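Q:
Numbering (the working numbering), first residue to last: 8 to 356.
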């Protein structure tokens, strides 16, 4: 197994880091697996559009989310060995009134297209939609994918406190299935879970355990409420390795056997089967080779894609994580590094 990289630079997170380390003009690291140059794709890369934030008077909390300096973003990608970033915007508009939500999403989706057009070989993007108004969201999704060329849909883990599995959202999932696009699911916050105050205190628990927990809840409802069964062509990539679901899905199988009266209508498959059947995908943000090995064992290497969470510095070594995970074939590494993402996003590999 050849782990050679064409160039190894420091893992940058901002221009300031590059200047501090004396690497203001990093060359792109080329990722090579057993002599084959691999296109790497980051499925989990954040950004914001300030004009959209202004509509709901939301402040910009992290300047690195802005895309007015794509050179700085590409410098960080180059240092980490990332060829293509799939941009998404964390939902902050699910409480907005209809007219504001319509205007905001239009501004965002058009801005995402403009950003990607500046460097089409480095950026693609997920469409945004006003999920709280499903009829409007369907129109926005149709326009975003068919007319603007966006590659999928990004959604939060809940819609202003309402579960994604609520039948209200079925028209959106039907449209996603019809368009044959990937849905990127990222937790949108744990406010509904924080009312008790148990996520307060030290440890940044609202994010550290709260974000993976919200994703786990969302995926579990999508299975147990029958959403994935109603829309077998629906494809969802869950951030942060899918939260805790992949690590403990066997308990969901067990509840079907042990307490069937508590389950209601049974899912058509064991919950663990949804990990492997092509409906659920996960990013690599699980931090260690052993955690990655376990997620792959539960779901399959062809269900995993690189995610960096840029610009949030939880990790800057996702390529290395894939290369260091034991027991993978070359083809499996290539799939995780970018092959699977290229297929789902319609990119040339």
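Beta carbons are placed, not taken as given, at the ideal position from N, Cα and C, and that holds for glycine. Please read all numbers here as calculations on a predicted model, not as lab measurements.
Within the same chain, show all residues whose beta-carbon is closer than 8 Å to that of residue 262, passing over the 5 residues directly before and after it, in chain order.
A: Counting only Cβ-Cβ distances below 8 Å, and skipping sequence neighbours, we find 269, 270.
Q: Helix, strand or coil for residue 317, going by three-state DSSP, please let me know.
A: In the structure shown, residue 317 sits in a strand (DSSP, three-state: E or B).
Q: Secondary structure at residue 242, three-state DSSP: helix, strand or coil?
A: Here residue 242 sits in strand by DSSP.
Q: With the cut-off set at 7 Å, would you say residue 206 and residue 212 are in Cβ contact?
A: Yes, the Cβ-Cβ distance between residue 206 and residue 212 is below 7 Å.
Q: What residue from 35, 77, 61, 299 has the CA that sits closest to residue 53's CA?
A: The candidate whose alpha carbon is nearest that of residue 53 is 77.
Q: Across the segment 70-86 and the segment 332-344, are there enough close Cβ pairs to call them in contact, namely three or more that are closer than 8 Å?
A: Contact between the segment 70-86 and the segment 332-344 is absent, because fewer than three Cβ pairs lie under 8 Å.
Q: By Cβ distance below 7 Å, which residues in the same chain neighbour residue 254 in space, the five residues on each side in sequence not counted?
A: Cβ neighbours of residue 254 beyond the five flanking positions: 301.
Q: Could you tell me which of 203, 200, 246 sits nearest to residue 222, measuring between CA atoms?
A: For the residues 203, 200, 246, the minimum Cα distance to residue 222 belongs to 246.
Q: Beta-carbon separation of residue 218 and residue 194 under 7 Å?
A: It is a contact, given that the beta carbons lie within the stated cut-off.
Q: Is the segment 153-168 in contact with the segment 81-92, if contact means three or more CB pairs nearer than 8 Å?
A: The segment 153-168, when compared against the segment 81-92, does not touch it at the 8 Å Cβ threshold.
Q: Return helix, strand or coil for residue 49, following the three-state DSSP convention.
A: Of the three classes helix, strand and coil, the one that applies to residue 49 here is strand, per DSSP.
Q: Of all the options 292, 65, 128, 81, which has the alpha carbon lying nearest to the alpha carbon of residue 97?
A: It is 65 whose Cα lies nearest to the Cα of residue 97.
Q: Spatial neighbours of residue 124 within its chain, please: CB distance less than 6 Å, with the 5 preceding and 5 following residues excluded, ordered by chain position.
A: Contacts found: none.
Q: Roughly how many whole angstroms lie between the Cα atoms of residue 85 and residue 273?
A: Whole-angstrom Cα-Cα distance: 47 Å.
Q: Who are the near neighbours of residue 201 in its chain, counting only those whose CB is closer than 7 Å to its CB and skipping five residues on each side?
A: Excluding positions up to five away in sequence, the list reads 213.
Q: Following the continuous alpha helix (DSSP H) through residue 252, name the residue where it begins and the one where it ends.
A: Here the alpha helix (DSSP H) through residue 252 covers 252-265.
Q: Am I right that residue 163 and residue 101 are in contact with their C-beta atoms under 8 Å? What's the rounded C-beta distance?
A: Indeed, because the Cβ distance is near 7 Å, the residues count as touching under 8 Å.
Q: Does residue 230 pass the burial test, meaning 16 or more other C-beta atoms within 10 Å, or should it be called exposed?
A: It is buried - the Cβ of residue 230 has at least 16 other Cβ atoms within 10 Å.
Q: If you drop the 5 nearest sequence neighbours on each side, which residues of the same chain put their C-beta closer than 8 Å to that of residue 107?
A: If we look at residue 107 and ignore the five residues flanking it on each side, its Cβ neighbours are 62, 63, 100.
Q: Between residue 225 and residue 171, how many whole angstroms is the CB-CB distance? I'm expecting something under 8 Å.
A: Residue 225 to residue 171, Cβ: 5 Å. Contact.
Q: Flag this pair as touching only if the segment 182-192 and the segment 232-242 have three or more C-beta atom pairs under 8 Å; answer yes or no.
A: The answer is yes - the segment 232-242 touches the segment 182-192, with three or more Cβ pairs under 8 Å.
Q: DSSP three-state call for residue 130: helix, strand or coil?
A: Strand, per DSSP.
Q: How is residue 136 classed by DSSP in three states: helix, strand or coil?
A: The answer is coil: DSSP assigns residue 136 none of H, G, I, E or B.
Q: For residue 120, I'd like the list of residues in its chain whose CB is within less than 8 Å of its CB, leaving aside the five on either flank, ordered along the chain.
A: Once the five neighbours on either side are set aside, the close Cβ partners of residue 120 are 132, 155, 156, 157.
Q: Would you kindly work out how many angstroms separate the C-alpha atoms of residue 67 and residue 56, rounded to a whole number?
A: Roughly 9 Å between the two C-alpha positions.
Q: May I have the straight-line CA-CA distance separating residue 203 from residue 324, to the nearest angstrom?
A: One C-alpha to the other measures close to 35 Å.
Q: From the DSSP output, in three-state form, read off residue 95 for me.
A: Three-state DSSP puts residue 95 in a strand.
Q: Among all the DSSP beta bridges, which residues are the ones paired with residue 247?
A: Paired residues: none, contrary to the question.
Q: Can you tell me the Cα-Cα spacing of residue 39 and residue 249, whole angstroms?
A: Distance between the alpha carbons of residue 39 and residue 249: 27 Å.
Q: I need the straight-line Cα distance from residue 137 to residue 299, nearest angstrom please.
A: Between residue 137 and residue 299, the C-alpha separation is close to 34 Å.
Q: Consult DSSP for residue 213 and reduce its assignment to one of helix, strand or coil.
A: Helix at residue 213.
Q: For the candidate residues 291, 177, 267, whose alpha-carbon lies nearest to that of residue 236?
A: Considering only alpha carbons, the answer is 177.
Q: Is any heavy atom of the ligand FAD found at a distance shorter than 6 Å from the C-beta of residue 82?
A: Looking at this structure, you won't find the ligand FAD or any other ligand, since it has none at all.
Q: What do you get for residue 159, buried or exposed, if any count of 16 or more other CB atoms within 10 angstroms of its CB means buried?
A: So residue 159 counts as buried.
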